[in-house]
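**Student:** Below is one structure. I have some questions about it.
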Amino acid sequence: YHFLNMNLIKKLSITILLLLFLQQNSTAEVPHFLDFNYILNQSDAGKKAQDFLKNKLSSGIKNLQNKEKKIQEEEKKIIAQKKVIGADEYKKKISELRSKVSSLQKERNSLLESVAKQRAKARNELLKNLNPIIKNFMEEKNIRMVIDKKNLLLADDKLDITKEIMSLLNQRLKSIKLN
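Pasting the structure below:
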């Protein structure tokens, strides 16, 4: 009876030790996460790219608005001259005005397309530099999986590696060439 009890105690203690060992080793198996959008927008290179693109869009829109005002003023003049000029001259001026409006719309679309392409280029450049940093970090810290924060419902803040990765990215990439 005493022998059976000792054997049972040995088995239980081995099982407990094994469970503790597995639990300690499984901490490296826990996925970590980072806030990719935060890194895109707040890293040194990301901020510079965002500022450049905002300024380009802002100045482009301001330029388009000035052209639009000129077209509106021209339209008012044409309407005011309607009774003074002939029907053929009026149609010609209206046709020229429509052409200017169409050109303005193409210019607006071109601006938006250009900014979108540059934004995609900046994102890809950041990703190209970010992926090896994350991979090296994972190897150093024995992390097997990193998930984007936007795909998480809830997680322990201790698993957030955003600031560490952003610091490494800032050391490696100061700016992105967009032109």
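Its first residue numbered 265, the sequence shown is counted upward by one per residue in this note's numbering.
Note that CB positions come from ideal geometry on N, CA and C, so glycine has one too.
These numbers come from a predicted model, not from an experiment.
(1) Do you know how far the Cα of N301 is from the Cα of L317?
(2) Could you check how far apart the C-beta atoms of L328 and K385 are, in whole angstroms? I think they sit under 8 angstroms.
(3) DSSP beta-bridge partners for L298?
(4) Please report the residue range of the alpha helix (DSSP H) in which I440 lies.
(5) Alpha carbon to alpha carbon, how far is I325 from I407?
(6) Opposite D424 in the DSSP bridges: which residues?
(7) If you count every other CB in all the chains shown that lies within 10 Å of the CB of S307, and 16 or more means buried, which is it?
(8) For P295, which residues of its own chain have a beta-carbon under 6 angstroms away from its beta-carbon, when the five flanking residues on both sides are left out?
(9) Short check: CB of L437 to CB of A309, under 8 angstroms?
(10) How would you write the range of the alpha helix (DSSP H) that N406 sits in, first residue to last?
(11) Determine whether the beta carbon atoms of I440 and I303 lie at a separation below 8 angstroms.
(12) With 16 other CB atoms within 10 Å as the buried threshold, where does I398 fall?
(13) With distances taken Cα to Cα, identify the nearest neighbour of E339 among I358, P396, E389 and L376.
(14) Taking V365 as the reference, give the member of K347, K355, N393 and K334 with the closest Cα.
**Tutor:** Quick answer:
(1) 16 angstroms
(2) In fact, because the Cβ distance is near 23 angstroms, the residues do not count as touching under 8 angstroms.
(3) D412
(4) Looking at the DSSP string, I440 is not in any alpha helix (DSSP H), and its letter there is neither H nor E.
(5) 46 angstroms
(6) F297
(7) buried
(8) M409 and I411
(9) yes
(10) Careful: N406 lies outside any alpha helix (DSSP H) and carries neither H nor E.
(11) no
(12) buried
(13) I358
(14) K334
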